[in-house]
Structure formats: structure tokens, C-alpha cells
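*Asks:* Before anything else, here's the structure in question.
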Amino acid sequence: MLVKIDNRRTDGFEFAIDLKALSTFFRQTTSSSEVHMLKEEIALKSAVAGKPLPFQKKSPRKTAVKKIMRHWQFYLLILLPICFLITFNYYPMYGATVAFKDYNIVKGITGSPWAGFKHFIYFFEGPYFWLIIKNTLGISLYGLLVGFPIPIILALALNEVGKRFKKFVQLVTYAPHFISTVIIVSMLSLLLGPQSGLLNNFLASLGMDRINFMGEPGYFKSLVVWSDLWQNAGFSCIIYLAALSGIDPTLYEAAKVDGASRWQKIINVDLPGIFPTIVILLILAVGSIMSVGFEKIYLMQNAANAGSSEIIATYVYKIGLLNSNISYATAVGLFNSIINLILLVSVNAVARKITKSSLW
Amino acid sequence: MIAKKTIKESPGDRLLLVILYVVLSICVLAVLYPLIYIVSASFSSPFAVISGKVWLYPVDITLVGYETVFKNSQVLVGFGNSVFYAAAGTLVAVTVTIMMAYPLSRKTFYGRNLLMFLLTFTMLFSGGLIPVYLVIRDLHLLDTRWALIIPQALGVFQIIIARTFFQNTIPDELAEAAEIDGCSDIGFLMRVVLPLSKPIIAVLVLFFAVARWNAYFDALIYIRDSDLYPLQLVLRNILLLNANQNPTNITEAMERQGVAEQMKYALIVISSLPVLILYPFIQKHFVKGVMIGSLKG
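Quick note, the sequences are listed as chains W and C, same order. Residues in the first sequence are numbered from 10 upward in steps of one, following this note's numbering. Residues in the second sequence are numbered from 846 upward in steps of one, following this note's numbering.
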């Protein structure tokens, strides 16, 4: 210890401290009995000088205050973002309590009378409940079945081909990801339109009947899922490609020495290598199974396909904002959020047990 | 190198490789063809498109679709509005993201774990559409430009990306040294961290700008005044609700129908143009962003 302590507590607090030792204290790495005595001294001196304390181990609350005081500018920085977080994320969670109330626009969220589970029961027993659940789950499960494995296959394939070709494929297949939902749906209705759409022109030239794809309930799910695939399959590869590039090269060398074929290499090295990534993304996908991209579905809806296109989110929007049935719509939305949370937590728990890779 | 490879490859390996090349080429064509068709159709005469003469390249080249678009005041207003929303929204969002992400990246920031939890929790659970709408309404943001700028500013995913970047590029020793030299935390952020963080700022700017440019749903909910409509909402009204037609007699209706169809193709091309021009940058930086995000999610 390069510290000389004058422990007599005289008026002037005359003690000499090596600067090096002081900086060690700042990092709070030493803790001998000698140090404890020194801390008291410095604490007193700091108190006299009115400076914030660099350390204090007596009470955790005081330590916290000191830590905060020392970096008070961090808290200044997060002030605005925190306001946003509270206003647009956490306050609405409180606002969701209107699901258990009869919302009255004059009385507001707090003043409206409680209604218990009335709106939930109304929803569960209502005529649309099973239809909406069926459509929501149908579209998302179909989407998961098609949209989940194909990017993996695409990434494994891209990993094999030459660098230039790979870059070219990436350039082209990432592009639709940046096209807006409105444009995607417009393209669908233009290309699949019954009168002059590209696909129907093609069918007509083969002598087949023209089909109103956008108006047939039977085609709705497929249109949603496959256009999603068209838009996002390429972009979804990125994470898998990143995982593939992180595989230990010695594994490939070992495979080569063992005389593995290209196919065997893909199955036995590549696939296990990206398996943790697959699990994580699968957890996320299953966790959001009740929330399908409703911006797109809302745009694709029309009177003709309503039977297979009404999902929870579009229903909430319509009854809540178009019909102003605030409490009922909030109840439906809350039901959806809670199911999502339960799904995510349970899938994560299962994944952790089976595969040892999980979100938390 | 190439010679070495070909010697070692068995026929089975080569066959697999050929199959992969074929499959990927088909993917590329499947993605590219609809896009090419839209562009070609936008330059073709309305009659050629309707009668199915356009397959790959433009037929009877005309710019009538584009002329109609540029005569449409709704589209021009929407375009201007969208430029403003994208610029202002991005500025606010990037600022807020950095203000949140930088403290979160520092070990000396007391309470970072709690804050991180509060942030990620919003990804797992949300109050839902209606409660957020009520907040916007109670703040009197409905039907103002702010409704399309403020509520979307806080992106948890973007904060995580930025935080991870700061953690990996700004060593703790540097911050400690600056502190000992008497540099404040904000001073360090402005003078040292930001100049070193141009790549992540580019990623954030593009993330937010593209999202703002492409968004329509928040405008659908929060905006009633058509002078404040962003381009995407104007597009929706024209392209999907056919709100632009008001025919008086049959021949005129037929002609208008043709031009209206033509205008749709042109409109799709024009509205995608800003993103298309930026596409090379966007692609590079989005990929980078997703990579950083997946490192430590």
C-alpha cells in the first residue's frame, strides 16, 4: 500500500495520499481494513468540501445515489427517451385497463366505471370469435410453415455458390423488402386483377378462365403468405448467413479430411452450426403467431373475401376506431397481447429445456 | 485455386452445385420479373397493357401515365409531406435512439439492467392499438404532423443495435481517461463517441427513413386532414380505393379507366424511386444493422 494515513483526525485532515492509490479507490477494487479507515477520512473530507463521494459501501441506497450523482448527465440524456417510453409504451399498458371498464369519453380512462370481464365474455361468446381466431391462426401458421424454412434453405444454398453470384442474388432478393405495404398490395391487385392483370392475361392466353384472385376467399391466405415470402425471404437470410460465416473453419477442414460430400457437409456442419439461431428465430416467430402483419391484410380486405380475411387486429381497428367501441376493442386487443406473451414465454421455456438455446 | 476445387469435386457434389445455381436463378427471376413488368407497363400505352400485349419490355412507349401523376395535386402534396415526415421523423428518432442507447452501453450507468428490461418488455407486451390511440388523442396530437413524428421515435430494436455498437467500439478505458481529464459524459458523447459512430448513425438513419417513408397505417388512424396525408395514404386512396375516378360518359370513362390504370403503374414506380435510388446504401447498411443486432440480441 502506497498510502500513508494520519489517523488522528486533526482539524486540517492532514494526510497524504498517493494519487495512484486514490484512483484505485475510484474503481473500488481494494478492501483492506486500512482502506476502510481511509474511506472514512475521504468521506469526511468530501463532505466538508461539498463534493460527491466517489464510493461508500455502508448502505446500498447511498451507493446508488452516489453512482447516479457521479454520472448525472446520463440521466439527463435518457430523460426525453424515458418520457417517450412512458407516454407511448407504459401509459398505454395502464390505458389497457379500459378493457375492464365501460369507457366514457367524458370521464376518461380513470373515471369510467368498472365493468369486469363483460367485454371479454361478449367477445368470446360473440359470433366472430371463432372465425377471427381461425383466420388469424390459419394465416400465421401457414406463413410460418412457408416463410420459416425457405429462408434457411436459401441461406444454405447461398453459402455454397460463388461469391459474385451470391452478391448478385442478395442484391436482387433483398430489394422487395424495402417496398412499402401499400405498393405491394397495389402490385398484387394490378398483377392479379381479373380484367387486365398479368396473370389473368397469361391464363387467358392459355385459353383458361380469368380468376378474380383478390375477390376469392379461398385464395386469400395463399396470397398473403406467398407475397410475404416474395417480399421478405431474401432479407430473412441475412441472420442465417451471418451465423454461417461464424462457424468454426476447422470443422470444415475436418469434414474435408473425412471425405464428406457437399451435401453431407451442409447437413452435418452447416445446419448444426446455425441451429441455435434457428431456435431463437423460431421462438420469436411462434411468440408472434397471433399478430400477423395486419397493415397488409387490412389493405387486402374487401367485401368479397371478408370471410377469410378478418383477423384479430383488423377487427380491433374496425370496432374500436371505426365504430368507437373503445372498451370492447381494447379487450380484444389485450386478449391478443396476453396470448402472445404466454406463447412466447412457454415456447422459450420448452426451447430452453430441449435445445439449451433460448431468448433468456 | 479453382483448378484445385474442380479436381476434388465428385460428380455428386457438382450436380448439387448445379441444382443450387438453378434454384437460386429461379428465385432471382421470380423476384425480378414482377418488378420489371411494372416498370415496362408504366411506359407502355394503356391499351397495350389492358389487352395483354406487354410481357417483358414496354409496348407503344408513352409517358401518359407519368404526365397524369405529375398533374395530380394530391400526389405532389403527399410526396412533399412524406419527404418532411421522413426527414423530421428520422431526425427525432435518431436523436432519441442515441440519447437512450449511449448511457445503456456504459457500465458506469447505474440502473442500465432495469432500463434494458423495461425496454425489452415492450417488445413482449403492449397495451395495444386503442390505448395508444387514446394517448395520442388526449395529447391533442390527432390530425397534426406530430402524430407521425413523435410516437414512432422510440425503436427498441434500433436502441439495441446502437447500444451494441457503442459497447463494441468505445472502450471503457477511453471513457475513463476522458473522465479523469475532466470531460463530462455529454461532452464525451458529442466530441468522441459521435464522430466514431458514423457507421451506426448511417444504419439508424436509413432504418428510420425507410420505415417513415413506407408507413401508412399511423396516418390512416391519426390524420383526417388530406393536406397532411403522407404519400402512402394518397397512394392507397388512388391505387386501392380507386378514389380518383369520376367518369361522366361511357367513352370518357373507358379512356379514363385506361389512363387511371396507367397512372397506377407510373405511381408505383415514382413512389418507389427515393428508396430505389438509395437502395445500394440501404442494402449495405441494413445488412450491417441486422448483423449487429443479431450479434447480441
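Note that CB positions come from ideal geometry on N, CA and C, so glycine has one too.
#1: Between the beta-carbon of ILE1006(C) and the beta-carbon of VAL1048(C), is there less than 8 Å?
#2: Using a Cβ-Cβ distance cut-off of 8 Å, determine whether VAL1120(C) contacts chain W.
#3: For ASN113(W), write down the residues that DSSP places opposite it in a beta bridge.
#4: Please report the Cβ distance between ILE238(W) and LEU869(C), rounded to the nearest whole angstrom; I am assuming they are in contact, meaning their Cβ atoms lie under 8 Å.
#5: Under a three-way DSSP split, which group does TRP81(W) fall into?
#6: Would the region 1105 to 1113 of chain C and the region 183 to 201 of chain W be scored as touching if the rule is three or more Cβ pairs under 8 Å?
#7: For a quick check, are the C-beta atoms of PHE187(W) and VAL1055(C) less than 8 Å apart?
#8: Please report whether the beta-carbon of ILE1127(C) lies at a distance below 8 Å from any beta-carbon of chain W.
#9: Need the endpoints of the alpha helix (DSSP H) that ALA269(W) sits in, please.
#10: For the alpha helix (DSSP H) holding ILE900(C), just list the boundary residues, first then last.
#11: Determine the burial state of ASN958(C): buried for a count of at least 16 other Cβ atoms within 10 Å of its Cβ, exposed for fewer.
#12: Per the DSSP calculation, TRP123(W) is bridged to which residue(s)?
#13: Excluding the 5 residues flanking ILE916(C) on each side, which residues of the same chain have their C-beta closer than 7 Å to its C-beta?
#14: So, are the CB atoms of ALA992(C) and ASP1063(C) less than 8 Å apart?
#15: Check each candidate in ASN98(W), VAL181(W), ALA360(W) and SER189(W) and name the one with the smallest Cα separation from LEU877(C).
#16: Got a sec: which bits of the region 121 to 148 of chain W sit with their beta carbon under 9 Å from any beta carbon on chain C, in order along the chain?
#17: I need the straight-line Cα distance from ARG1036(C) to MET1136(C), nearest angstrom please.
#18: What residues in its chain sit with their C-beta under 6 Å from that of ILE256(W), if we drop five residues either side in the sequence?
#19: When you compare the CB of TRP235(W) with every CB in chain C, is at least one pair closer than 8 Å?
#20: Given this structure, state the Cα-to-Cα distance separating LEU1123(C) from ILE130(W), to the nearest angstrom.
#21: Do you know offhand how far LEU88(W)'s Cα is from PRO1075(C)'s?
#22: Any idea if LEU1118(C) is buried or exposed, counting beta-carbon neighbours within 10 angstroms, 16 or more meaning buried?
#23: Determine, for MET1153(C), whether the minimum Cβ-Cβ distance to residues of chain W falls below 8 Å.
#24: Would you mind working out which of LEU1034(C), ASP1070(C) and PHE1011(C) sits nearest ILE1045(C), comparing C-alpha positions?
#25: According to the neighbour-count rule (16 or more other Cβ atoms, all chains shown, within 10 Å of its Cβ), is TRP272(W) buried or exposed?
#26: Does any residue of chain C bring its CB to less than 8 Å from the CB of GLU304(W)?
#27: Please compile the residues from chain C whose C-beta is within a distance smaller than 7 Å of the C-beta of ASN314(W).
#28: Does GLN1107(C) pass the burial test, meaning 16 or more other C-beta atoms within 10 Å, or should it be called exposed?
#29: Cβ of LEU1076(C) versus every heavy atom of the ligand ZN: is any distance shorter than 7 Å?
*Replies:* By the coordinates alone:
#1: yes
#2: yes
#3: GLY117(W)
#4: Here residue 238(W) is Leu; the residue named in the question, Ile, does not match the sequence. Not confirmed; about 15 Å, so no contact.
#5: helix
#6: yes
#7: yes
#8: yes
#9: Unbroken run through ALA269(W): none, as it is neither H nor E.
#10: A small correction: the amino acid at residue 900(C) is Trp; Ile does not occupy that position in the sequence shown. Looking at the DSSP string, TRP900(C) is not in any alpha helix (DSSP H), and its letter there is neither H nor E.
#11: exposed
#12: LYS110(W)
#13: The question names Ile, but residue 916(C) is Lys in the sequence shown. Excluding positions up to five away in sequence, the list is empty.
#14: yes
#15: VAL181(W)
#16: none
#17: 27 Å
#18: GLY282
#19: no
#20: 50 Å
#21: 30 Å
#22: exposed
#23: There is no way to answer for residue 1153(C), as the model of chain C reaches only from 846 to 1142.
#24: PHE1011(C)
#25: exposed
#26: yes
#27: What ASN314(W) touches in chain C: nothing, since even the nearest Cβ is about 14 Å away.
#28: buried
#29: What this structure holds is no ligand at all, so the ligand ZN is not there to describe.
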